[in-house]
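S.K.: FYI, the numbering for the sequence shown is 1 to 255, going by the UniProt record's numbering. Glycine included, every Cβ here is placed at the ideal spot set by N, Cα and C. Fair warning: this is a prediction, and the values are worked out from it, not measured in the lab. Okay, handing you the structure first.
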Amino acid sequence: MGSVCIEIIEGNPHLRSLLGWHLQQLEYRVHQAASIYQAREVFLSHQPTLVVLDADLPDGDGIEFCRWLHRQQQPLILMLSARNGEGDIVAGLKAGADDYLSKPFGMQEFLARVEALIRRKRTPTAPAYLDYGTLQIDLVQRRVRFQGEFIDLTPQEFSLLYVLAQAGGVPLSRSELLRRAWPDAIDNPRTIDTHVLSLRKKVELDPRQPNLIQTIRNVGYRFNMEILNSNISQSQTTKLARERFNNQRSTLSSV
């Protein structure tokens, strides 16, 4: 079991430590988080096989975070919650949880459920397709569709976009992007700036004022997930902008 990584996201420090200790006795590799912010970082760093998720976290909605987890590498999710109504359980399972355990619970039942979930994951499979609303990433054919249109990306641009999108809005440093998105070790973090500039020219309405791939001062870059869920039809705006640009170019050519 030592090769199986489990992340525990639990706001109660005593319960979090207790669950972690029992799992470690079974030789699972365990990483813990007390908040959604910490949970994202731990998940992206360690890619756990199973996530034990408290539905009632101090800094956000566990159900919404469950949806985010389900869109990633599709880990197994065991949701814990003091809410045991039928509607609450259904909401958790529909959000992507593989199992739902109501508090309080016995430790033997918890461990049995963990082991049952792990048995489902005997043959891990990587996701073939990631859907972020107006952005779809095909990992098999390495194609990207953004706002209804296929975007022609180089292999390196594809990898960079995938890593930024998978981070779910968490800012990533240039060094971290190099580590995750580049196949070979590169010592110059400014390489990221060049590729981000190229990527922005293909996915931003105005590359000089980017709102999808944002620069985070003194950190690096983040992918603006909020804009993907915007009610505004960005694709229509993009098409209109391109039509205006083409019309202006035609007018200038005829002068």
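1. Considering just the uninterrupted stretch of the alpha helix (DSSP H) at Ser175, what are its terminal residues?
2. Which stretch, first to last residue, makes up the beta strand (DSSP E) that contains Val144?
3. Going straight from the alpha carbon of Asn84 to that of Lys103, what length do you get?
4. Alpha carbons only, please: which of Arg71, Ile63, Leu76 and Arg16 is nearest the one belonging to Gly133?
5. Which residue wins for smallest C-alpha separation from Leu57, given the options Leu164, Ile36 and Arg16?
6. Counting only beta-carbon separations shorter than 8 Å, does Ile216 have a partner in chain D?
7. Kindly give me the distance between the Cβ atoms of Cys66 and Leu53, rounded to whole angstroms, as I take these residues to be in contact under 8 Å.
8. What distance in whole Å lies between the Cβ atoms of Leu172 and Arg221, which are believed to be in contact at a cut-off of 8 Å?
9. Using the Cα positions of Tyr28 and Leu205, report the straight-line distance between them to the nearest angstrom.
10. Use the C-beta contact count for Asp98: other C-beta atoms within 10 angstroms, 16 or more gives buried, fewer gives exposed.
11. Any idea what DSSP makes of Leu199, helix, strand or coil?
12. Please name the residue in Asp131, Leu101 and Phe105 whose C-alpha comes closest to that of Gly117.
13. With respect to the alpha helix (DSSP H) encompassing Ile186, which residues constitute its N-terminal and C-terminal limits?
14. How should Ile8 be labelled, buried or exposed, when 16 other C-beta atoms within 10 angstroms of its C-beta is the threshold for buried?
15. Just confirm the distance between the C-beta atoms of Phe150 and Val203, as a whole number of angstroms; I'd bet it's less than 8 Å.
16. Anyone know if the C-beta pair for Arg180 and Val163 falls short of 8 Å?
17. Give me the Cβ distance between Gly50 and Val114, rounded to the nearest whole Å; I'm assuming they're in contact under 8 Å.
18. Once you ignore the five residues that flank Val30 on each side, which residues in its own chain have a CB closer than 7 Å to its CB?
19. Classify Ile186 as buried or exposed, calling it buried when 16 or more other Cβ atoms lie within 10 Å of its own Cβ.
20. Between Glu10 and the rest of its own chain, which residues show a CB-CB distance below 6 Å, the 5 nearest in sequence each way excluded?
21. Use the C-beta contact count for Leu199: other C-beta atoms within 10 angstroms, 16 or more gives buried, fewer gives exposed.
22. Could you pull out every residue in the same chain whose Cβ sits closer than 6 Å to the Cβ of Arg142, ignoring the five residues on either side in sequence?
23. According to the neighbour-count rule (16 or more other Cβ atoms, all chains shown, within 10 Å of its Cβ), is Ala82 buried or exposed?
24. CB-CB under 6 Å to Pro207, same chain, minus the five flanking residues each way: which ones, in chain order?
25. Roughly how many angstroms separate the alpha carbons of Asn188 and Trp182, rounded to a whole number?
26. Check the C-beta distance from Gly169 over to Met107 and give it rounded, since I have them as a contact under 8 Å.
27. Could you check the C-alpha separation between Gln74 and Ala95 for me, to the nearest Å?
M.R.: This is what the structure gives:
1. Arg174 to Ala181
2. Arg143 to Phe146 is the span of the beta strand (DSSP E), which, as asked, contains Val144.
3. 8 Å
4. Arg71
5. Leu57 has its Cα closest to that of Ile36, out of Leu164, Ile36 and Arg16.
6. Any reference to chain D falls outside this structure, which holds one protein chain only.
7. 6 Å
8. Per the sequence shown, the amino acid found at residue 221 is Tyr instead of Arg. Right, their Cβ atoms sit about 6 Å apart.
9. If you draw a straight line from the Cα of Tyr28 to the Cα of Leu205, it is about 46 Å long.
10. buried
11. Secondary structure of Leu199 (DSSP, three-state): helix.
12. A small correction: the amino acid at residue 117 is Leu; Gly does not occupy that position in the sequence shown. Taking the Cα of Leu117 as reference, the smallest distance to any Cα among Asp131, Leu101 and Phe105 is reached at Leu101.
13. Per DSSP, Ile186 belongs to no alpha helix (DSSP H) and is neither H nor E.
14. buried
15. That belief does not hold up - the Cβ atoms of Phe150 and Val203 are roughly 12 Å apart, past 8 Å.
16. yes
17. The amino acid occupying residue 50 in the given sequence is Leu; Gly does not appear at that position. The pair is a contact, with the Cβ atoms about 7 Å apart (cut-off 8 Å).
18. Ile6, Ile8, Gly20, Leu23 and Gln24
19. exposed
20. Arg16 and Asp54
21. buried
22. Around Arg142: Phe158.
23. exposed
24. Arg200 and Lys201
25. 12 Å
26. That belief does not hold up - the Cβ atoms of Gly169 and Met107 are roughly 35 Å apart, past 8 Å.
27. Each residue's alpha carbon lies about 12 Å from the other.
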